[in-house]
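Novice: Protein chains in written order, with the working numbering: chain Z, 20 to 425; chain W, 41 to 113.
Beta carbons: idealized from backbone N, C-alpha and C, even for Gly.
Bear in mind that the values here come from a model prediction, so they are computed numbers and not experimental data.
I have a structure I would like to understand better, so I am pasting it below and will then ask my questions one at a time.
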Amino acid sequence: MVNDFITVEALNAYIGRLFETDDILQNFWLKGEISGFRCYQQSGHMYFTLKDEQAAVSCVMFKSCTRGLKFKPEDGMEVLLRGTVAMYGKQGKVQVYAEEMQPFGTGGMFLYLEKLKKRLKDEGCFDPEKKKELPPMANKIGIVTSQDGAALRDILRVLKLRHPGVEVVIAHSSVQGTEAPAEIARGIQLINTFGDIDIIIVGRGGGSFEDLMAFNSETVVYAIVDSVIPVISAVGHEVDFSLSDFAADMRAATPTQAAALAVPDYRELEERVCKHAARLQRLMERNLSLREEALDRIMMKRVWREPALLLEKKKNMLDDCNKKLSQAMQDILIRRGHTLAMAAGGLDKLSPLQVLGRGYAILGTRDHIVKSIDDINSGDEIYAELIDGTLKMEMKGKEKRKKWNR
Amino acid sequence: MEPMNFDASLAKLEEIVAELESGQLSLEESLAMFEQGVALSVFCQKELKKTESKVSKLIQKINGDIELEPFED
């Protein structure tokens, strides 16, 4: 019987103590690919295996540390983590306790961002047709940034310079570090809840890639997409894009530029208004002078200067008419006179005097003309009218003629 | 007249200038237009003279109420 033995618990404790006293195992950077990633909702701790081609090791990251993560770990991702090794006695398992973790290399971080960007894009977060139009005459500007940052000073300076009557509402948030994404998102939501704001500027001044990471978080992207008020994203330098830039309705290269995009330049507007007012004045003057000229042209005509001319002309016209009238009348009379003379000539031929002139006589009694031998008897007194007088005669006898040979 | 806003007023002013420029209006019409244009330009200039800027900070209190407090920059 062997008396010199130890328990499993003692063994594991002993191994654990060996680890704890080893400087290398207490603080090292470890590179590997994540697999079997789980994050427990309740505890918030993350469990995963880090592996490479030849080996694997269990890893834990407690909630207190996960808050500092600038990315969302997932299977297949190459990461670099800093941690310690310890013995998990209950299962006799060697575990790595990760304190911080990042995608492997800057390249890894970019890769992660590319993937996140693609996912958000697929979700429709960057859809151009979802972008809201910025109101052209914004008066009330909301700003989500650090109240202590240079970015805020820059934005306020430019806003006031361009629009002296601007109203600004600031929602303070940290812009880097663990809490930044949530605070920025809350700031955007807060301004939306407050309402009555034309445009929100979200941003910060330039910084290292790490410093700007909050603006690459999906939390901020979602908050921007959900904002009812149009958002201008203004992060850091001109060269780099952050995901918030893609999500925003307008991207500004710098906070200064964001301020310039948010409000119109009032001096420029004033110039425009003045220009129009002057043009209005000129147009009206021209309008009036054109009509004045037209009036002048009409008034220049002779008749206005010598109104008698107008009467004279009328009088002439009247005279003309009169002349024509009397001429016409005369013509008519002459024509009629002629006709009368002709008619009179005709009458003359019928006159009994003409007949008497040719040697005929008219026989009659005292009271009637004798046309037949029966009209009178022998012894009757008759009269013969000749051209130059009357013969008084006595009827001696009568003889009936058989017939006139006509 | 409908409640004025700067944007609409400026647009209307530009419209009036263009219409007067066309020269198609009667004297009465152009006088009415002119009068309206002058009123609009006066309004616009007055709007632009507003120089009282205001900066405040939005605070959410523990009970969820949102408040504005003056911000000194």
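Alpha carbons only, please: which of Z:N306, Z:E97, Z:I34 and Z:P147 is nearest the one belonging to G124 (chain Z)?
Specialist: Within the first sequence, the letter at position 105 stands for residue 124 (chain Z). Nearest of Z:N306, Z:E97, Z:I34 and Z:P147 to G124 (chain Z), Cα basis: Z:E97.
Novice: From the DSSP output, in three-state form, read off Q349 (chain Z) for me.
Specialist: Locating residue 349 (chain Z) in the first sequence gives position 330, counting from the first residue. Residue state, collapsed to three classes: helix.
Novice: If we cut at 9 Å on Cβ distances, does K168 (chain W) have a partner in chain Z?
Specialist: It is not possible to answer for residue 168 (chain W), since the shown part of chain W is limited to 41 through 113.
Novice: Taking only beta-carbon atoms, is D47 (chain W) less than 9 Å away from chain Z?
Specialist: For the purposes of this step, residue 47 (chain W) is taken as the residue at position 7 of the second sequence. For D47 (chain W), the answer is yes, since a Cβ of chain Z falls inside 9 Å of its Cβ.
Novice: Specify the secondary structure class of S66 (chain W) as computed by DSSP and reduced to three states.
Specialist: Numbered from 1 along the second sequence, position 26 holds the residue referred to as residue 66 (chain W). S66 (chain W) falls in the coil class under three-state DSSP.
Novice: Measure how close the beta-carbons of M106 (chain Z) and G35 (chain Z) come, nearest whole angstrom, since I'm counting them as under 8 Å.
Specialist: Locating residue 106 (chain Z) in the first sequence gives position 87, where the first residue counts as 1. Locating residue 35 (chain Z) in the first sequence gives position 16, where the first residue counts as 1. Confirmed, about 4 Å.
Novice: Cβ closer than 7 Å: which chain Z residues qualify as neighbours of E92 (chain W)?
Specialist: As a position in the second sequence, residue 92 (chain W) is number 52, starting the count at 1. The contacting residues are G184.
Novice: Buried or exposed: where does Q276 (chain Z) fall if 16 or more other Cβ atoms within 10 Å of its Cβ makes it buried?
Specialist: Locating residue 276 (chain Z) in the first sequence gives position 257, where the first residue counts as 1. Classification for Q276 (chain Z): buried.
Novice: Alpha carbon to alpha carbon, how far is E198 (chain Z) from N103 (chain W)?
Specialist: Taking the first residue of the first sequence as position 1, residue 198 (chain Z) is located at position 179. Taking the first residue of the second sequence as position 1, residue 103 (chain W) is located at position 63. Here the alpha carbons of N103 (chain W) and E198 (chain Z) stand approximately 21 Å from one another.
Novice: From F24 (chain Z) to Q110 (chain Z), what distance separates their C-alpha atoms?
Specialist: Counting from 1 along the first sequence, the entry for residue 24 (chain Z) is found at position 5. Counting from 1 along the first sequence, the entry for residue 110 (chain Z) is found at position 91. Looking at the two C-alpha atoms, the distance is approximately 20 Å.
Novice: How far does the alpha helix (DSSP H) with P110 (chain W) in it reach, from first residue to last?
Specialist: Locating residue 110 (chain W) in the second sequence gives position 70, where the first residue counts as 1. Counting along the chain, P110 (chain W) falls outside any alpha helix (DSSP H), though it belongs to the beta strand (DSSP E) covering I106 to P110.
Novice: I believe M414 (chain Z) touches G398 (chain Z) by the beta-carbon criterion, under 8 Å. Please report the beta-carbon distance rounded to the nearest angstrom.
Specialist: Within the first sequence, the letter at position 395 stands for residue 414 (chain Z). Within the first sequence, the letter at position 379 stands for residue 398 (chain Z). Indeed, because the Cβ distance is near 6 Å, the residues count as touching under 8 Å.
Novice: Quick one: is P122 (chain Z) buried, meaning 16 or more other Cβ sit within 10 Å of its Cβ, or exposed?
Specialist: In the first sequence, residue 122 (chain Z) corresponds to position 103, counting from 1. Burial call: buried.
Novice: So if I threshold CB-CB distances at 7 Å, which residues from the region 70-81 of chain W count as touching chain Z?
Specialist: S70, F74, G77, V78 and S81
Novice: Less than 9 Å between the beta carbons of K159 (chain Z) and V177 (chain Z), yes or no?
Specialist: Within the first sequence, residue 159 (chain Z) is the residue found at index 140, counting from 1. Within the first sequence, residue 177 (chain Z) is the residue found at index 158, counting from 1. Cβ atoms of K159 (chain Z) and V177 (chain Z): not closer than 9 Å.
Novice: For a minimum of 4 consecutive residues, which ranges assigned as the alpha helix (DSSP H) are wholly contained in the region 261-328 of chain Z?
Specialist: Qualifying alpha helix (DSSP H) stretches, in chain order: 262-266, 274-281, 285-318 and 321-324.
Novice: Using 9 Å as the limit for Cβ to Cβ distance, is E54 (chain W) near chain Z?
Specialist: Taking the first residue of the second sequence as position 1, residue 54 (chain W) is located at position 14. So, interface residue.
Novice: Within the 9 Å Cβ cut-off, does L60 (chain W) reach chain Z?
Specialist: As a working note, residue 60 (chain W) is residue 20 in the second sequence. Yes, contact with chain Z.
Novice: For C340 (chain Z), does the count of other Cβ atoms within 10 angstroms reach 16, so buried, or fall short, so exposed?
Specialist: Within the first sequence, residue 340 (chain Z) is the residue found at index 321, counting from 1. That one is exposed.
Novice: Give the residues of chain C in contact with N306 (chain Z), contact being defined as C-beta atoms less than 9 Å apart.
Specialist: No chain C is part of this structure, whose protein chains are labelled Z and W.
Novice: Please list, in chain order, all residues of the same chain as Q349 (chain Z) whose beta carbon is under 8 Å from its beta carbon, the five residues on each side excluded.
Specialist: Against the first sequence, residue 349 (chain Z) aligns to sequence position 330. Taken in chain order, the list of residues that qualify is empty.
Novice: State the Cα-Cα distance for the pair E418 (chain Z) and H387 (chain Z), rounded to the nearest angstrom.
Specialist: In the first sequence, counting from the first residue as 1, residue 418 (chain Z) sits at position 399. In the first sequence, counting from the first residue as 1, residue 387 (chain Z) sits at position 368. Looking at the two C-alpha atoms, the distance is approximately 21 Å.
Novice: For P428 (chain Z), which residues from the same chain have a beta carbon less than 6 Å from its beta carbon, with the 5 sequence-adjacent residues on both sides left out?
Specialist: In the structure as shown, chain Z starts at 20 and stops at 425, and residue 428 (chain Z) therefore has no counterpart that could be examined.
Novice: Please look up how many angstroms separate the CB atoms of V250 (chain Z) and G206 (chain Z), rounded, as I've assumed it's under 8 Å.
Specialist: Numbered from 1 along the first sequence, position 231 holds the residue referred to as residue 250 (chain Z). Numbered from 1 along the first sequence, position 187 holds the residue referred to as residue 206 (chain Z). Not quite, the Cβ-Cβ distance comes to about 11 Å (not below 8 Å), so this is no contact.
Novice: Check whether the region 369-381 of chain Z touches the region 390-409 of chain Z, counting contact only when three or more Cβ pairs, one atom from each stretch, lie closer than 8 Å.
Specialist: Yes, the region 369-381 of chain Z touches the region 390-409 of chain Z.
Novice: Under the DSSP definition of a beta bridge, which residues are partnered with I34 (chain Z)?
Specialist: Within the first sequence, numbered from 1, the residue matching residue 34 (chain Z) stands at position 15. Answer is none; I34 (chain Z) lacks a bridge partner.
Novice: Does the contact criterion of 3 or more C-beta pairs under 8 Å hold for the region 92-107 of chain W versus the region 319-339 of chain Z?
Specialist: Touching, no.
Novice: List, in order along the chain, the chain W residues whose C-beta lies closer than 7 Å to that of F213 (chain Z)?
Specialist: Residue numbering aside, residue 213 (chain Z) sits at position 194 when the first sequence is read from its first letter. Neighbours of F213 (chain Z) on chain W, chain order: L98 and I106.
Novice: Take K112 (chain Z) as the anchor and find which of Z:G95, Z:V79, Z:I317 and Z:Y131 has the nearest alpha-carbon.
Specialist: The residue labelled residue 112 (chain Z) in the question sits at position 93 within the first sequence. Closest by alpha carbon: Z:V79.
Novice: With DSSP as the reference, label H357 (chain Z) as helix, strand or coil.
Specialist: Here residue 357 (chain Z) refers to the residue found at position 338 when the first sequence is read from its first residue. Three-state DSSP puts H357 (chain Z) in a helix.
Novice: To which residues does DSSP link Q114 (chain Z) through a beta bridge?
Specialist: Taking the first residue of the first sequence as position 1, residue 114 (chain Z) is located at position 95. In DSSP, Q114 (chain Z) forms a bridge with Z:S77 and Z:A105.
Novice: Does the count of Cβ pairs from the region 26-40 of chain Z and the region 60-69 of chain Z closer than 8 Å reach three?
Specialist: no
Novice: Please compile the residues from chain W whose C-beta is within a distance smaller than 8 Å of the C-beta of V292 (chain Z).
Specialist: As a working note, residue 292 (chain Z) is residue 273 in the first sequence. Correct list: L50, L53, S81, C84, Q85 and L88.
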